[in-house]
Amino acid sequence: MSLPPLVEPAAELTVDEVRRYSRHLIIPDVGMAGQKRLKNAKVLFVGAGGLGSPGLMYLAAAGVGTLGIVEFDEVDESNLQRQVIHSQADIGRPKAESARDTIKGINPYVNVILHEERLEADNVMGIFSDYDLIVDGTDNFATRYLVNDACVLLNKPYVWGSIYRFDGQASVFWSEHGPCYRCLYPEPPPPGMVPSCAEGGVLGVLCASIGSIQANEAIKLLAGIGEPLVGRLMIYDALEMQYRQVKVRKDPDCAVCGENPTVTELIDYEAFCGVVSEEAQAAAADSTITPKQLKEWIDEGENIEIIDVREPNEFEIVSIPGARLIPKNEFLMGSALESLPQDKKIVLNCKTGVRSAEVLAVLKSAGFADAVHVGGGVVGWVNQIEPAKPIY
Ligand code: ZN
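Quick note on the numbering used here: the sequence shown kicks off at 106 and runs consecutively.
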């Protein structure tokens, strides 16, 4: 399926622009008309992180006239392993500003518009409506469903990508011509089931593989060339070095783009995706302690056992003194419960307090009534108690 170009050509290219884009201009499929379309195009990238870094840099170099960036975060040292749009000197700066400066360095003719706010149901329509095309480079399910539903409701195409460890996926969702993200994934995974990149890790160079597919699809859609990834899901395995593709069909029962949609306006996506399950929220409601409280208990010789429910390679990086490692899965399988002491108060911790809340719910229902977990996890502990230790 080929689709008409998304954008009308700009009136003309300057002499400088002709020189700059000459390697595009001599490709017959792009040519002067295609390059003028790119000049007139307005593309919004959601996120200036792992996928946004290569995606934005290549779209800027390619001559996309206007690039919007939605990003509220700041550059952290742990970003630099993969987010190549940012540099050492940018640590602590807003990512949006750092990304803009890099883009301006690559191509001063690009108009960069910053949206330094968290994308929410009450601002997404206003932001998206100014752009021809959206590129989703986010790493959380709530924002993915928000981006999808807003694009369906506005009838805009968007290029989606996702990365985890050595695996990447990409597709183009455009409900007018094919399926949407909900046709592929009608429901978010249960909270805690799918780890984020912050929890599970990501190979830095994987961002380039998937981010460049996204930039490639964006250019094709804007210029109206080639076969867009509409109705196809690309699956990339960097370890096996294999690309596979799967057909994705429009689901007539899709909640947002189906024949009788039940989602006709934006919803509460945090609640829809349940960052923490209801069981975990209930368990943690009156059983969450602060890192400072834990420090007091340790100093006072309180009768406690600290159990760290992260994975061994996380535990190796940093841990709370005296903590014993029992990964979350061993609780979910049930095998860990018998190794817990009955005569001590159990204190659970993980990286930030999400996984430990899930395990807390398991312990409560197994009869460990006085078990607690550490809000903020080992990251909170390092920030408040042992700032010389590393966080990740
Ligand atoms: Zn759909």
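We put the beta carbon where it would ideally sit given N, CA and C, even for glycine.
Extent of the continuous alpha helix (DSSP H) to which residue i belongs
i    : result
W456 : It is Lys, not Trp, that sits at residue 456 in the sequence shown. Neither: K456 is in no alpha helix (DSSP H) and is coded neither H nor E.
S276 : From DSSP, S276 is part of no alpha helix (DSSP H) but of the beta strand (DSSP E) over D272 to F278.
F233 : V229 to F233
E202 : K200 to I211
I490 : Premise fails: I490 is in no alpha helix (DSSP H) and is neither H nor E.
I403 : P396 to D404
R187 : Here R187 belongs to no alpha helix (DSSP H), and DSSP marks it neither H nor E.
R249 : F246 to L259
V381 : Run containing V381: none; DSSP gives neither H nor E here.
C288 : Y286 to L289
E122 : V120 to R125
7 Å CB neighbourhood of residue i in its chain, flanking five on each side removed
i    : result
D461 : Checking the sequence, you will find Ser at residue 461 rather than Asp. Hits under 7 Å: V414, L453, N454, C455, H478, V479 and G482.
A166 : I211 and N212
A138 : P114
D235 : K147
K83  : Since the first and last residues shown for the chain are 106 and 497, residue 83 lies out of range.
V112 : R142, N145, A146, D237 and L327
V487 : V423, K494 and I496
V368 : D254, A360 and V361
G306 : R270
For residue i, the residue or residues it bridges with in DSSP
i    : result
I268 : G273
D134 : Note: D134 sits in no beta bridge, so no partner.
D391 : DSSP output for D391 lists no bridge partner at all.
V217 : L172
R429 : I412
E225 : Note: E225 sits in no beta bridge, so no partner.
E179 : P199
Y263 : I239 and F278
Limits of the unbroken beta strand (DSSP E) element including residue i
i    : result
T171 : T171 to V175
F473 : It is not in any beta strand (DSSP E) - F473 carries neither H nor E in the DSSP assignment.
E421 : Note, E421: premise wrong, no beta strand (DSSP E); alpha helix (DSSP H) at P417 to I422.
D241 : L238 to D241
Contact with chain C by residue i, beta-carbon distance below 8 Å
i    : result
E401 : The chain inventory of the structure shown lacks chain C, comprising one protein chain alone.
Proximity test, residue i beta-carbon vs ligand 1 heavy atom, cut-off 7 Å
i    : result
V277 : no
V361 : yes
R249 : no
S280 : yes
C256 : no
D356 : yes
P284 : yes
R337 : no
R563 : A question about residue 563 goes unanswered here, because the residues of the chain that appear run from 106 up to 497.
6 Å Cβ shell around residue i - same chain, five flanking residues per side excluded
i    : result
I490 : P396 and K400
A181 : Note that residue 181 is Asp in the sequence shown here, rather than Ala. None.
V335 : V277, W279, H282 and G283
V169 : L143, A146 and V148
L289 : V353
Y263 : I239, D241, C256 and F278
L344 : F271
G316 : L156, P159 and G160
N408 : K449
Chain-order list of residues whose beta-carbon lies under 8 Å from that of residue i (same chain, five-residue window excluded)
i    : result
E222 : V175, F177 and N228
N216 : G170, T171 and L172
L259 : M230, F233 and S234
G485 : T395, P396, T457, G458 and V479
Distance cut-off 7 Å: residue i Cβ against heavy atoms of ligand 2
i    : result
I422 : In terms of ligand content, the structure shown lacks ligand 2 and carries ligand 1 instead.
Those runs of the alpha helix (DSSP H) which lie wholly inside the stretch 296-366 and span at least 4 residues: 302-305 and 311-328
Runs of beta strand (DSSP E) wholly within the stretch 139-170 (minimum 3 residues, chain order): 147-151
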